[in-house]
Amino acid sequence: ALGSRPPECALAAAEGRRAWGEEAAEVRASWARRAQALGEKMLASLRSGSESLGSGFVIDKRGDIVTNDHVAGGATEISVSFPDGRTLDAALVGSDPASDLALLKVEPEQPLAYLAFTTDEGPLVGEWVIAFGNPFGLFEATDPTGTVGVVSAVGRQLSAGRDGRVYSDMIQTDAAINRGNSGGPLI
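Numbering (my numbering), first residue to last: 17 to 203.
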């Protein structure tokens with residue numbers, strides 16, 4: 017019959033899937049440990065009034081935080097919760113709807129742990145990544161989340177209907193990105 021394989025091929029394929037599954041599980045566990053360590057240091061949960069908006073990440077020790085414009089661009093009051101329990105008021109320094117980026121500023125009493133941008137060539141298709149965030153507003157200064165996946169494509173273009181945004185040079189990943197993860201880093 018078409019598509020049938022000899023039993024030894026099916027056995028080899030099953031063994032390959034099992035080996036890949038074990039290796040992938042080890043990689044996911046290692047990335048999960050890294051995610052926990054990073055997320056505890058620099059992830060921020062953003063709120064406007066009583067509405068949970070999304071995530072962001074600290075980019076320098078003085079309190080600059082990057083998030084998405086669609087998360088904080090139109091906000092008039094913003095508070096930022098950190099995994100160590102601190103909550104600080106934030107000011108919107110600037111936002112760019114075209115790139116969907118926003119910069120916030122908090123005034124910490126002590127320097128903040130931060131995530132530095134890289135200057136490498138960017139991600140490669142197939143590389144493992146972690147998406148950090150505050151899905152569904154679940155983390156309120158306790159446990160940020162990290163989901164693991166791979167880079168599926170780079171350089172994607174996307175036009176978002178209602179608001180007229182055009183997203184360019186996007187990274188496509190299969191890491192779970194839930195409502196509230198917006199603004200969090202993909203590492």
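Beta carbons are placed, not taken as given, at the ideal position from N, Cα and C, and that holds for glycine. Because the structure is a prediction, the values reported are computed rather than measured.
Using the C-alpha atoms, what's the distance from residue 146 back to residue 167? Residue mapping note: residue 167 aligns to position 151 of the sequence shown, counting from 1. Residue mapping note: residue 146 aligns to position 130 of the sequence shown, counting from 1. Answer to the nearest angstrom: the Cα atoms are 10 Å apart.
Look up residue 202 in the DSSP assignment and give the residues it is bridged to. Translated into positions along the sequence shown, residue 202 becomes position 186. 147, per the DSSP bridge assignment.
What residue does the beta strand (DSSP E) around residue 105 start on, and which one ends it? In the sequence shown, residue 105 corresponds to position 89, counting from 1. Taken as a continuous stretch (DSSP letters only), the beta strand (DSSP E) holding residue 105 covers 103-112.
So residue 108 packs on residue 88, CB below 8 Å; how close in whole Å? Walking along the sequence shown from the start, residue 108 turns up at place 92. Walking along the sequence shown from the start, residue 88 turns up at place 72. Contact holds; Cβ gap of about 6 Å.
Using the DSSP secondary-structure output, state which residues sit across from residue 172 in a beta bridge. Looking up residue 172 in the sequence shown gives position 156. For residue 172, which the question treats as bridged, DSSP gives the partners 186.
Report all residues from its chain with a CB closer than 8 Å to the CB of residue 189; omit the five preceding and five following residues, and keep chain order. Position 173 of the sequence shown holds residue 189. Cβ neighbours of residue 189 beyond the five flanking positions: 145, 147, 165, 166, 167, 168, 202.
Does DSSP put residue 118 in a helix, a strand or coil? As a first step, residue 118 must be located in the sequence shown, where it is residue number 102. Reduced to three states, the DSSP call for residue 118 is strand.
Could you check if residue 118 belongs to the surroundings of the ligand ATP, using beta carbon to heavy atom distance under 7 Å? What this structure holds is no ligand at all, so the ligand ATP is not there to describe.
Residue of 186, 96, 191 minimising C-alpha distance to residue 233: Here the chain covers residues 17 to 203 and nothing more, so residue 233 does not appear.
From the DSSP output, in three-state form, read off residue 87 for me. Along the sequence shown, one-based indexing puts residue 87 at 71. Note: residue 87 maps to helix in three-state DSSP.
Give the DSSP-derived three-state secondary structure of residue 165 in the structure shown. For the purposes of this step, residue 165 is taken as the residue at position 149 of the sequence shown. Reduced to three states, the DSSP call for residue 165 is strand.
On the CB-based measure, 16 or more other CB atoms within 10 Å of its CB, does residue 128 come out buried or exposed? By 1-based counting over the sequence shown, the position of residue 128 is 112. Under this definition residue 128 is a buried residue.
Just the Cα atoms here: how many angstroms apart are residue 111 and residue 142? Residue numbering aside, residue 111 sits at position 95 when the sequence shown is read from its first letter. Residue numbering aside, residue 142 sits at position 126 when the sequence shown is read from its first letter. Rounded to whole angstroms, residue 111 to residue 142 spans 31 Å at the Cα level.
Quick one: grab the DSSP three-state call for residue 141. In the sequence shown, the residue the question calls residue 141 occupies position 125. Reduced to three states, the DSSP call for residue 141 is coil.
Would you tell me roughly how many angstroms separate the C-alpha atoms of residue 199 and residue 139, rounded to the nearest one? Taking the sequence shown and counting its residues from 1, the one referred to as residue 199 is at position 183. Taking the sequence shown and counting its residues from 1, the one referred to as residue 139 is at position 123. Approximately 18 Å between the Cα atoms of the pair.
Residue 194 and residue 151: beta carbons closer than 8 Å? Taking the sequence shown and counting its residues from 1, the one referred to as residue 194 is at position 178. Taking the sequence shown and counting its residues from 1, the one referred to as residue 151 is at position 135. In contact: residue 194 and residue 151 (Cβ atoms closer than 8 Å).
Residue 91 to residue 100, Cα distance in whole Å? The residue you call residue 91 lines up with position 75 of the sequence shown. The residue you call residue 100 lines up with position 84 of the sequence shown. Roughly 24 Å separates the two Cα atoms.
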